[in-house]
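FYI, UniProt numbering numbers position 59 of the first sequence as 59, with every residue one higher than the one before it.
For glycine and all other residues, C-beta sits at the position ideal for the given N, C-alpha and C.
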Amino acid sequence: MLSGDIPPNQTIYIKNLNEKVKKEELKRSLYALFSQYGRILDVVALKTDKLRGQAWVVFSEVTAASNAVRQMQSFPFYDKPMRIQYAKTKSDCVAKVDGTYAPREKKKKQEEKAAEKRRKAEDAHQAASAANGPAVQNNGVHAASRQGRTTQEAVPPNNILFIQNLPHETTSMMLQILFQQYPGFREVRMIDSKPGIAFVEFSDDVHSSVGMQALQGFKITPHNPMAIAYAKK
DNA sequence: AGCACA
Numbered sequence: 001m002l003s004g005d006i007p008p009n010q011t012i013y014i015k016n017l018n019e020k021v022k023k024e025e026l027k028r029s030l031y032a033l034f035s036q037y038g039r040i041l042d043v044v045a046l047k048t049d050k051l052r053g054q055a056w057v058v059f060s061e062v063t064a065a066s067n068a069v070r071q072m073q074s075f076p077f078y079d080k081p082m083r084i085q086y087a088k089t090k091s092d093c094v095a096k097v098d099g100t101y102a103p104r105e106k107k108k109k110q111e112e113k114a115a116e117k118r119r120k121a122e123d124a125h126q127a128a129s130a131a132n133g134p135a136v137q138n139n140g141v142h143a144a145s146r147q148g149r150t151t152q153e154a155v156p157p158n159n160i161l162f163i164q165n166l167p168h169e170t171t172s173m174m175l176q177i178l179f180q181q182y183p184g185f186r187e188v189r190m191i192d193s194k195p196g197i198a199f200v201e202f203s204d205d206v207h208s209s210v211g212m213q214a215l216q217g218f219k220i221t222p223h224n225p226m227a228i229a230y231a232k233k
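This is how it looks when you write it as structure tokens:
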């Protein structure tokens, strides 16, 4: 199917999302997954009856949105293939930047508001998500040495990767979504008593290397470029 | 299936 006759927009509209995922995790994962296509200005997701299972990701460039629509079409995200289109209208955060923003009328939106408020009482904290750039190049040395691993012990390639400097709210599902984009992915392992690190297993070290290069320095939140090394045997 | 942003 074509993108449904909707003209290109710097915001993409995603549906068929797994409705069991909590809103904040959903937004963080979408942010992490789509930031590979360009700078993201905002991610909007509501869990109201009408809007659950859908989200909007606002890019700073239309070209980034176009690439995301094409390349992430049907991407398995929390076990469901994403359905992606351009958004039908301009996002508020874009309108605010180009000066065309006008607060809209409030009709039956008051109930939605109330329902939202109740739900989000659980989630008090949220990652400041609008300032992330493309993943930085980071060879992992800094974070690695800070954690006590010295640079001179050269760790040989391994099919298992050792990830450090993750934000503590990272889940294994979030990492799976990122790493399963690369062939040979097998599984993510995290240890409850050791937040901030993870092991990601690939079928062999050729595939693990590709995944490492691709996601080295990738930021799940603006302050946590992930440091990826080969795990020690 | 479903196009919002408080």
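Residue i versus residue j - alpha carbon distance
i: T48; j: V210; result: 39 Å
i: I191; j: P103; result: 46 Å
i: M212; j: F179; result: 9 Å
i: Q71; j: V62; result: 14 Å
i: F77; j: K20; result: 12 Å
i: K22; j: Q73; result: 22 Å
i: K50; j: S35; result: 26 Å
i: L41; j: A65; result: 12 Å
i: R52; j: G99; result: 29 Å
i: S203; j: N18; result: 27 Å
i: S29; j: K88; result: 23 Å
i: I6; j: E105; result: 24 Å
i: V188; j: I84; result: 26 Å
i: K194; j: D205; result: 25 Å
i: A95; j: R39; result: 17 Å
Residues near residue i in its chain [Cβ-Cβ closer than 6 Å; skip 5 each side]
i: H125; result: Unreliable placement is indicated for H125, whose pLDDT of 35 sits below 50; no coordinate value is reported for it.
i: P81; result: S74
Helix, strand or coil at residue i [DSSP, three-state]
i: E25; result: helix
i: N18; result: coil
i: R83; result: strand
i: K163; result: The question names Lys, but residue 163 is Ile in the sequence shown. Looking at I163 - three-state DSSP - the assignment turns out to be strand.
i: T150; result: For T150, the predicted model reports a pLDDT of 40, less than 50, meaning its position is unreliable; a value from the coordinates is still stated below. Coil at T150, not helix or strand.
i: F199; result: strand
i: residue 245; result: Not covered by the structure: residue 245. The range shown for the chain is 1 to 233.
i: A95; result: helix
i: residue 239; result: Nothing about residue 239 can be read from this structure; the chain reaches only from 1 to 233.
i: A55; result: strand
i: F218; result: coil
i: Y37; result: helix
i: I6; result: coil
i: A227; result: strand
i: V155; result: coil
i: D42; result: strand
Neighbourhood of residue i by C-beta, 8 Å cutoff - its chain only, sequence neighbours within 5 removed
i: H207; result: N159, Y182, P183, G184, F185
Neighbourhood of residue i by C-beta, 7 Å cutoff - its chain only, sequence neighbours within 5 removed
i: T171; result: E25
i: N224; result: N165, L166, P167
i: A45; result: K23, L26, K27, A55
i: V155; result: A229, Y230, K232
i: D79; result: N18
Contact under 8 Å by Cβ, residue i with residue j
i: T11; j: S60; result: no
i: I197; j: L215; result: no
i: W56; j: Y13; result: yes
i: A68; j: Y37; result: yes
i: I163; j: V200; result: yes
i: M174; j: I220; result: yes
Assumed close pair residue i, residue j - CB separation to whole angstroms, cut-off 8 Å
i: Y86; j: N16; result: Not a contact, Cβ separation roughly 16 Å.
i: V43; j: C93; result: Contact flag wrong, Cβ pair sits at about 10 Å.
Check: residue i C-beta below 7 Å from any heavy atom of the ligand ZN
i: T221; result: As far as ligands go, the structure on display features none, and thus does not contain the ligand ZN.
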